[in-house]
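Engineer: Per our numbering, residue 4 is the first one in the sequence shown, and the count goes up by one each step. For reference, the structure I am asking about is given below.
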Amino acid sequence: MLVTDRDCQSGGARFAVPTLGEIEGKLLVSEVVATSCLRHLFAHTNDAVVPAIKRRIRRSLETRCQAEKLCHDDTEAAVEYAFQLVEGAAEAAGRKRTVSSKPGGCETIRRLRAMHGPSGR
4 MLVTDRDCQS GGARFAVPTL GEIEGKLLVS EVVATSCLRH LFAHTNDAVV
54 PAIKRRIRRS LETRCQAEKL CHDDTEAAVE YAFQLVEGAA EAAGRKRTVS
104 SKPGGCETIR RLRAMHGPSG R
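Here it is in structure tokens:
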């Protein structure tokens, strides 16, 4: 996995540029954590939780993208990507409704579906 203290690592782990395996590992961990958290959240809340999550994500991304001086199009692309991740994780966690504009969703959504099998669990 990607580490910040590379000087103390041996072998390839001390190189400054992460490998694709390290990046994929980080993404996989993020996907599993998101799915697990959403599954737990859905078990204890109503259907209004996804729109609330999306509103919070939009506000946070707009603030962070503005601080990074990203243009409006880049900010909207980041928000759309985040929404695709939320929708994919929600679907994998048991909520079958998807509002994605792209058939089949993004690669992460397809991986989440494959990870949890046809039953969504």
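By construction, the Cβ of each residue, glycine as well, lies at the ideal position given by its N, Cα and C atoms.
1) Would you report the Cα separation of Gln87 and Val52, rounded to the nearest angstrom?
2) Compare the C-alpha of Val82 against each of Arg67, Ala96 and Ser33 and name the closest.
3) With DSSP run on the structure shown, which of helix, strand or coil describes Glu90?
4) Got a sec, what are the start and stop residues for the alpha helix (DSSP H) Leu41 sits in?
5) Does the separation of the CB atoms of Thr38 and Ala96 fall below 8 Å?
6) Comparing alpha-carbon positions, which option in Ile26, Cys40 and Ile60 lies nearest Thr78?
7) State the start and end residues of the unbroken alpha helix (DSSP H) segment that holds Cys68.
8) Which value, in whole angstroms, describes the spacing of the CA atoms of Ala70 and Ser63?
9) Do Lys56 and Val89 have their C-beta atoms closer together than 8 Å?
10) Can you tell me which of the three DSSP states Ala85 falls into?
11) Leu41: buried (16+ other C-beta within 10 angstroms of its C-beta) or exposed?
Structural biologist: Based on what the coordinates show:
1) Val52 has its alpha-carbon roughly 16 Å from the corresponding atom of Gln87.
2) The candidate whose alpha carbon is nearest that of Val82 is Arg67.
3) Under the three-state reduction of DSSP output, Glu90 falls in the helix class.
4) Boundaries of the alpha helix (DSSP H) around Leu41: Leu23 to His47.
5) In this structure, Ala96 lies closer than 8 Å to Thr38 by Cβ.
6) Closest by C-alpha distance to Thr78, out of Ile26, Cys40 and Ile60, is Ile60.
7) Start and end: Val52 to Ala70.
8) Straight-line Cα distance between these residues: approximately 11 Å.
9) With the sequence shown as reference, residue 56 is identified as Ile, and Lys is not the correct amino acid for it. Taking 8 Å as the Cβ cut-off, Ile56 and Val89 qualify as a contacting pair.
10) In this structure, Ala85 counts as helix in the three-state DSSP scheme.
11) Buried, by the Cβ-count rule.
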